[in-house]
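Chains as they are written, first to last, in this note's numbering: chain A, 5 to 246; chain B, 5 to 246.
To keep things clear, I will list the structure first and then write my remarks on it.
2 protein chains.
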Amino acid sequence: MRADLFLVPSPVVEQRLAGKTLVLIDVLRASTTICQALKAGARAVIPVSEPGEAAEMRAKIGAETGILGGERQGIKIENFDLGNSPLEYTEEKVKGKTVILTTSNGTRGYARGSTSKLTITGALANISLVAQKVADAGQDLVILCAGQDGAFSIEDTLCGGMILHKLQSEIKIEMELNDAASLALLLYRSNIRSLKQTIARGEHGRFLRKLGFENDVDLASEIDAIPVLPVLKDSRIILEQE
Amino acid sequence: MRADLFLVPSPVVEQRLAGKTLVLIDVLRASTTICQALKAGARAVIPVSEPGEAAEMRAKIGAETGILGGERQGIKIENFDLGNSPLEYTEEKVKGKTVILTTSNGTRGYARGSTSKLTITGALANISLVAQKVADAGQDLVILCAGQDGAFSIEDTLCGGMILHKLQSEIKIEMELNDAASLALLLYRSNIRSLKQTIARGEHGRFLRKLGFENDVDLASEIDAIPVLPVLKDSRIILEQE
Numbered sequence: 005m006r007a008d009l010f011l012v013p014s015p016v017v018e019q020r021l022a023g024k025t026l027v028l029i030d031v032l033r034a035s036t037t038i039c040q041a042l043k044a045g046a047r048a049v050i051p052v053s054e055p056g057e058a059a060e061m062r063a064k065i066g067a068e069t070g071i072l073g074g075e076r077q078g079i080k081i082e083n084f085d086l087g088n089s090p091l092e093y094t095e096e097k098v099k100g101k102t103v104i105l106t107t108s109n110g111t112r113g114y115a116r117g118s119t120s121k122l123t124i125t126g127a128l129a130n131i132s133l134v135a136q137k138v139a140d141a142g143q144d145l146v147i148l149c150a151g152q153d154g155a156f157s158i159e160d161t162l163c164g165g166m167i168l169h170k171l172q173s174e175i176k177i178e179m180e181l182n183d184a185a186s187l188a189l190l191l192y193r194s195n196i197r198s199l200k201q202t203i204a205r206g207e208h209g210r211f212l213r214k215l216g217f218e219n220d221v222d223l224a225s226e227i228d229a230i231p232v233l234p235v236l237k238d239s240r241i242i243l244e245q246e
Numbered sequence: 005m006r007a008d009l010f011l012v013p014s015p016v017v018e019q020r021l022a023g024k025t026l027v028l029i030d031v032l033r034a035s036t037t038i039c040q041a042l043k044a045g046a047r048a049v050i051p052v053s054e055p056g057e058a059a060e061m062r063a064k065i066g067a068e069t070g071i072l073g074g075e076r077q078g079i080k081i082e083n084f085d086l087g088n089s090p091l092e093y094t095e096e097k098v099k100g101k102t103v104i105l106t107t108s109n110g111t112r113g114y115a116r117g118s119t120s121k122l123t124i125t126g127a128l129a130n131i132s133l134v135a136q137k138v139a140d141a142g143q144d145l146v147i148l149c150a151g152q153d154g155a156f157s158i159e160d161t162l163c164g165g166m167i168l169h170k171l172q173s174e175i176k177i178e179m180e181l182n183d184a185a186s187l188a189l190l191l192y193r194s195n196i197r198s199l200k201q202t203i204a205r206g207e208h209g210r211f212l213r214k215l216g217f218e219n220d221v222d223l224a225s226e227i228d229a230i231p232v233l234p235v236l237k238d239s240r241i242i243l244e245q246e
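Structure, rendered in structure tokens:
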């Protein structure tokens, strides 16, 4: 299997997706929030790039079903129902609803998912299911880390490295890696016993803790804490049907 | 000293340069070519973004003095005097001349150098002088890796990591690192005994070898092979005056 990882979104990515599995990673916090929303019974999460788009989408699907979620600079967007804290996405708030989500980095990647064969939301919270699904799908893999405002993000790269490690060392798949995938694997293996601390001490971890979101950072760092498998179908993220 | 490294150019970089030392790294090959051109006696290298700009600049400074150098997709630009192979920049070709250089990735970063206090061209070929100059300058450091078409490049990151290693472990400067700087340091230290091989086997190294530029890859991987210190002064790169 060929596995290419991208540390930040790059125009190169889109040319490499046809027929492949795409894993979109934004550990802090969009990927974790998507997992949590679907686990709490949301029908679907619709990722959109901008707040205005989100509002239009809700007008289209109706205020009873549609819930607006998202952040800018880490903070809930004005007039939105929910922010980007996975812990807000309780059954009471989202069961049976469609969440329209827009975040600074993580939700933008889903627009690229239109050319891949399979698009999965990847987080540490659902990492074992993601790795297994990638292996079962059997086709070449592209891992796209959301990063932070165009710069590398350590938690996303660790998560990407851990997926590659699971594929290579646990599921025993032979893989041909690009340079960034090798780097992510090195980063993960160097932090294998200190994942939580490395993430909490990282730039984005510190930023969120300063805003009072330390529980989000804890939850997002917990391996397999939210064991669901969100996949993209017709521009909506839903739980994979068995 | 605070040291921030960026794996790829990002809009965030420009906000962080005031009063700092900026090191611009494009090991394969712009940084190495700039070192070589100045060592061979070029008066200055003028980095520009586009071929059209280069031609205009030459019209301005005159055809006797101005030499056009650069590449797209690794290959010399049509009607240019030289490509981006450091080995082409001999005394015979460039002594006393001003080289106007445009490359796919490496020369674009110099436009950012206008806000930094000091801007240095960094390569493996001049790394010891670069590290010492950064230490002597004493101000905070930003290392900008050129990368490859917006994606991470392993040779630039190794070079950035090696500068940080020299500052921290040899010159013994206490440093506060951003996440990407820590990653670069980890990458360098994991490859400390296999730099040449890692670069030759990397994506860009393989690409250049396929084009027949294996001698460039060898030269660019050789530590302190071209011991000169190019700095940016008024949009021109010149040798630092003692």
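Cβ coordinates follow ideal geometry from the N, Cα and C atoms, glycine included.
Quick caveat, the model's predicted, so the values are computed rather than measured.
Keeping to the same chain, check which residues put their C-beta closer than 8 Å to that of residue i; ignore five residues upstream and five downstream.
{"i": "A/Lys99", "result": "Ala44, Gly45 and Ala46"}
{"i": "A/Ile79", "result": "Gly87 and Leu215"}
{"i": "A/Thr119", "result": "Glu18, Leu21 and Ala22"}
{"i": "B/Met61", "result": "Ile50, Val52, Gly70 and Ile104"}
{"i": "B/Val138", "result": "Thr25, Val27, Ile124, Leu145, Ile167 and Leu171"}
Return no unless some Cβ of chain A is closer than 8 Å to the Cβ of residue i.
{"i": "B/Asn109", "result": "no"}
{"i": "B/Ile50", "result": "no"}
{"i": "B/Pro15", "result": "yes"}
{"i": "B/Leu191", "result": "yes"}
{"i": "B/Ser225", "result": "no"}
{"i": "B/Asp18", "result": "Correcting the residue identity first, residue 18 of chain B is Glu in this sequence and not Asp. Not one chain A Cβ lies under 8 Å of B/Glu18."}
{"i": "B/Asp272", "result": "Summary: the structure shown does not reach residue 272 of chain B, with chain B confined to residues 5 through 246, and so no result is reported for it."}
{"i": "B/Glu178", "result": "no"}
{"i": "B/Met34", "result": "Per the sequence presented here, residue 34 of chain B reads as Ala, with Met not at that position. Answer no: the Cβ-Cβ gap between B/Ala34 and chain A never drops below 8 Å."}
{"i": "B/Ile104", "result": "no"}
{"i": "B/Ile158", "result": "yes"}
{"i": "B/Leu199", "result": "no"}
{"i": "B/Gly164", "result": "no"}
Whole angstroms is fine: what's the gap from residue i's alpha carbon to residue j's?
{"i": "B/Ala129", "j": "B/Asn88", "result": "15 Å"}
{"i": "A/Glu18", "j": "A/Val12", "result": "13 Å"}
{"i": "A/Pro231", "j": "B/Arg213", "result": "45 Å"}
{"i": "B/Leu162", "j": "B/Leu199", "result": "8 Å"}
{"i": "A/Asp160", "j": "B/Asn109", "result": "25 Å"}
{"i": "A/Leu9", "j": "A/Val146", "result": "6 Å"}
{"i": "A/Ile241", "j": "A/Ala48", "result": "5 Å"}
{"i": "B/Ala185", "j": "B/Asp222", "result": "25 Å"}
{"i": "B/Ala224", "j": "B/Phe217", "result": "11 Å"}
{"i": "A/Glu178", "j": "A/Gln143", "result": "12 Å"}
{"i": "B/Glu226", "j": "A/Thr94", "result": "57 Å"}
{"i": "A/Glu68", "j": "A/Ala59", "result": "13 Å"}
{"i": "A/Glu207", "j": "B/Ala63", "result": "47 Å"}
{"i": "B/Val16", "j": "A/Asp153", "result": "7 Å"}
{"i": "A/Gln40", "j": "B/Arg205", "result": "41 Å"}
{"i": "B/Arg197", "j": "A/Arg116", "result": "39 Å"}
Examine chain B for any beta-carbon lying closer than 8 Å to the beta-carbon of residue i, and answer yes or no.
{"i": "A/Val146", "result": "no"}
{"i": "A/Asp222", "result": "no"}
{"i": "A/Asp183", "result": "yes"}
{"i": "A/Ser194", "result": "yes"}
{"i": "A/Ala229", "result": "no"}
{"i": "A/Gly113", "result": "no"}
In chain order, what residues of the same chain have a beta carbon less than 7 Å from the beta carbon of residue i, not counting five sequence neighbours either side?
{"i": "B/Ala135", "result": "Ile167, Lys170, Leu171 and Ile175"}
{"i": "B/Glu92", "result": "Leu86"}
{"i": "A/Phe156", "result": "Leu11 and Val12"}
{"i": "B/Ile3", "result": "In the structure as shown, chain B starts at 5 and stops at 246, and residue 3 of chain B therefore has no counterpart that could be examined."}
{"i": "B/Gly113", "result": "Pro13, Leu28, Leu148 and Ala150"}
{"i": "B/Asn219", "result": "Leu91"}
{"i": "A/Arg76", "result": "Ser108"}
For residue i, list the residues DSSP reports as bridge partners.
{"i": "B/Asp8", "result": "B/Val146"}
{"i": "B/Thr25", "result": "B/Leu122 and B/Leu145"}
{"i": "B/Gly74", "result": "B/Thr106"}
{"i": "A/Val235", "result": "A/Ile124 and A/Ile242"}
{"i": "A/Ile79", "result": "A/Arg76"}
{"i": "A/Ala155", "result": "A/Gln152"}
Skipping 5 residues on each side, what residues in its chain have a beta carbon closer than 6 Å to that of residue i?
{"i": "A/Leu181", "result": "Ala7"}
{"i": "B/Leu42", "result": "Val232, Pro234 and Leu243"}
{"i": "A/Thr202", "result": "Asn195"}
{"i": "B/Ala141", "result": "Thr25 and Leu122"}
{"i": "B/Gly165", "result": "Ala188, Leu189, Leu191 and Tyr192"}
{"i": "B/Ile81", "result": "Pro55 and Gly74"}
{"i": "A/Ser132", "result": "Asp228"}
{"i": "A/Gly209", "result": "Ile203 and Val221"}
Taking 7 Å as the cut-off, does the CB of residue i come closer than this to any heavy atom belonging to the ligand GDP?
{"i": "B/Val52", "result": "Annotation note on the ligand GDP: not contained in the displayed structure, which lists no ligands."}
Point to revise | Sequence ranges, beta strand (DSSP E) only - wholly within the region 81-150 of chain B, length at least 3 | key: 102-106, 122-126 and 145-149
Point to revise | Contained beta strand (DSSP E) runs [length at least 3] in the region 13-72 of chain A, N- to C-terminal order | key: 25-29 and 48-51
Review point. Which whole runs of the alpha helix (DSSP H) in the region 175-238 of chain B are 4 residues long or more, in chain order?
Key: 183-194, 199-205, 207-214 and 218-224
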